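*Asks:*
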Amino acid sequence: MLIWIKSRKYCAYGGKKQRMDLNHELRYGNAQHPFHLEYNRRKGHFSMATDHMHRHYELYYLFGGERNYFIKNRIYPVRAGDLVLVPSNEVHKTSDTGVPNHERIVLYFNTEYFDQMADEEAELLLTPFHNDNRVLHLAEPDKLRIEQLLYDMLREIQDQSPGYELAVRHAAALTLLFAAREVMNPKYLPSEEAVSPAAARITEIARFISEHYQEPLTLGSLSEQFYLSPSHLSRTFKKYTGLGLIEYIGITRTKEAQRLLRETDERITVISELSGFENFSHFEKVFKSFSRMSPRSYRSGFRRKKT
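Below, the structure is given as structure tokens:
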């Protein structure tokens with residue numbers, strides 16, 4: 001579960017710097033558990049490689065560095081001290097800003113995590129993910145509070161003292177509660193930092209794709225639509241979203257297909273057409289590449305969970 005790479009970390013607790021020896025990487029649990037987390041301190045340049053869309057609710061905190069975070073159809077510049085909230089099944093990816101080195105933690109919660117709670121408690125802890133803004137700039141005192149909470153949790157995972165799993169689960173719930181209160185309290189600072197003209201243009205294109213996924217969309221047609229050369233559009237889209245343009249179109253259509261498979265009784269061939277795929281064989285190939293299962297298996301698996 002743990003990757004042991006020794007290094008030193010300093011953290012501010014109550015205005016005093018205390019030395020903490022943390023590994024470069026720490027993990028707790030895995031994707032099959034109701035809750036799991038990943039912590040990394042990365043050197044150099046890095047862009048997220050996989051898992052652009054999954055059923056987990058994701059809480060991301062950036063301790064240091066800066067990132068671009070693409071969520072659904074918008075680019076968010078993320079800086080140290082920012083809290084990022086990604087709802088279940090939302091297209092997302094982090095990418096490099098050109099500034100090397102960053103330190104982050106990601107907490108993943110699946111639906112089973114919230115099913116264990118009373119309805120009112122689950123509703124409260126899901127509040128951050130129902131907020132329109134995906135990135136919160138925290139005020140300085142709140143940065144100290146959440147960093148102490150998160151670093152204490154990481155210390156428990158690394159030391160594995162008796163009862164550490166209980167302490168980790170407790171800290172995870174407190175982190176969600178912290179995020180919920182930040183969203184509900186008007187003192188929180190929404191992230192409205194302006195993006196570059198190029199990033200704003202890419203956001204416009206991503207929103208166009210999310211609204212017109214049922215129509216034929218190609219690199220050529222989009223480059224004409226937005227008066228950009230195909231090479232420039234392809235390169236710039238990848239730079240700011242971390243995703244290839246055709247990849248993003250496929251993910252957007254797959255997400256709609258998943259929704260229809262969950263919520264309707266339409267035949268799978270019809271769902272393929274409604275989701276914008278040009279033919280059924282292409283639909284199956286793209287759906288399986290992003291969902292890691294066939295459309296039929298996805299539908300039957302979802303219905304088994306409901307019964």
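End of the sequence shown sits at 307 in the UniProt record's numbering; the numbers just go up one at a time, nothing left out.
Just so it is clear, CB atoms sit at the ideal spot from N, CA and C, and this is done for glycine as well.
Remember, predicted model here, so these are calculated numbers, not experimental data.
Here's the rule I'm using: 16 or more other beta-carbon atoms within 10 Å means buried, otherwise exposed. How should D142 be labelled?
*Replies:* Taking the sequence shown and counting its residues from 1, the one referred to as residue 142 is at position 142. When all chains shown are included, D142 counts as buried.
*Asks:* If we count the other Cβ atoms within 10 Å of its Cβ and call it buried at 16 or more, is A171 buried or exposed?
*Replies:* The sequence position of residue 171 within the sequence shown is 171, counting from 1. So A171 counts as buried.
*Asks:* Determine the burial state of P108: buried for a count of at least 16 other Cβ atoms within 10 Å of its Cβ, exposed for fewer.
*Replies:* Against the sequence shown, residue 108 aligns to sequence position 108. Looking at the sequence shown, residue 108 is not Pro but Tyr. By the neighbour-count rule (16 or more Cβ atoms within 10 Å), Y108 is buried.
*Asks:* Return the first residue and the last residue of the beta strand (DSSP E) that L125 is part of.
*Replies:* For the purposes of this step, residue 125 is identified with residue 125 of the sequence shown, where counting begins at 1. Run containing L125: none in the beta strand (DSSP E); it sits in the alpha helix (DSSP H), 119-126.
*Asks:* As an exercise, report each continuous beta strand (DSSP E) stretch of at least 3 residues that is fully enclosed by the stretch 78-124, in chain order.
*Replies:* With a minimum length of 3 residues, the continuous beta strand (DSSP E) runs that stay inside the stretch 78-124 are 82-86, 92-95, 102-109.
*Asks:* Looking only at DSSP bridge pairs, what is R201 linked to?
*Replies:* Numbered from 1 along the sequence shown, position 201 holds the residue referred to as residue 201. Paired residue(s): none; R201 is not in a bridge.
*Asks:* Could you check if K43 is buried or exposed, using at least 16 other CB atoms within 10 Å of its CB as the buried criterion?
*Replies:* For the purposes of this step, residue 43 is taken as the residue at position 43 of the sequence shown. It is exposed - the Cβ of K43 has fewer than 16 other Cβ atoms within 10 Å.
*Asks:* Using the three-state DSSP reduction, which class does S191 fall into: helix, strand or coil?
*Replies:* Working through the sequence shown from its first residue, we reach residue 191 at position 191. Here the model assigns S191 a pLDDT of 49, short of 50, so the residue's position is not dependable and the matter cannot be decided.
*Asks:* Using the beta-carbon count (16 or more within 10 Å), is E140 buried or exposed?
*Replies:* The residue labelled residue 140 in the question sits at position 140 within the sequence shown. Result: exposed.
*Asks:* Based on Cα-Cα distance, which residue from E66, I105, G301 lies nearest to L26?
*Replies:* Within the sequence shown, residue 26 is the residue found at index 26, counting from 1. For the residues E66, I105, G301, the minimum Cα distance to L26 belongs to I105.
*Asks:* What residue range is occupied by the uninterrupted beta strand (DSSP E) comprising E58?
*Replies:* Within the sequence shown, the letter at position 58 stands for residue 58. 57-64 is the span of the beta strand (DSSP E), which, as asked, contains E58.
*Asks:* Tell me whether L37 sits in a helix, a strand or coil according to DSSP, three-state version.
*Replies:* Within the sequence shown, numbered from 1, the residue matching residue 37 stands at position 37. Strand at L37.
*Asks:* Out of N23, D21, Y28, point me to the one whose CA is closest to E165's CA.
*Replies:* To locate residue 165, count along the sequence shown from 1; it is residue 165. Nearest of N23, D21, Y28 to E165, Cα basis: Y28.
*Asks:* Suppose you measure from the CA of I246 to the CA of L138; what does that come to, to the nearest Å?
*Replies:* Within the sequence shown, numbered from 1, the residue matching residue 246 stands at position 246. Within the sequence shown, numbered from 1, the residue matching residue 138 stands at position 138. Roughly 35 Å between the two C-alpha positions.
*Asks:* With a 10 Å radius around its C-beta and 16 neighbouring C-beta atoms as the bar for buried, classify E120 as buried or exposed.
*Replies:* On the sequence shown, residue 120 is found 120 positions in, with the first residue counted as 1. Exposed is the call here.
*Asks:* For E123, count the other beta carbons within 10 Å of its own beta carbon; 16 or more makes it buried, fewer makes it exposed. Which is it?
*Replies:* Indexing the sequence shown from 1 puts residue 123 at position 123. Result: exposed.
*Asks:* Indicate the three-state DSSP secondary structure (helix, strand or coil) for H282 in the structure shown.
*Replies:* Taking the first residue of the sequence shown as position 1, residue 282 is located at position 282. Looking at H282 - three-state DSSP - the assignment turns out to be helix.
*Asks:* Can you give me the start and stop residues for the alpha helix (DSSP H) that Y213 sits inside?
*Replies:* The residue given as residue 213 occupies position 213 in the sequence shown. Premise fails: Y213 is in no alpha helix (DSSP H) and is neither H nor E.
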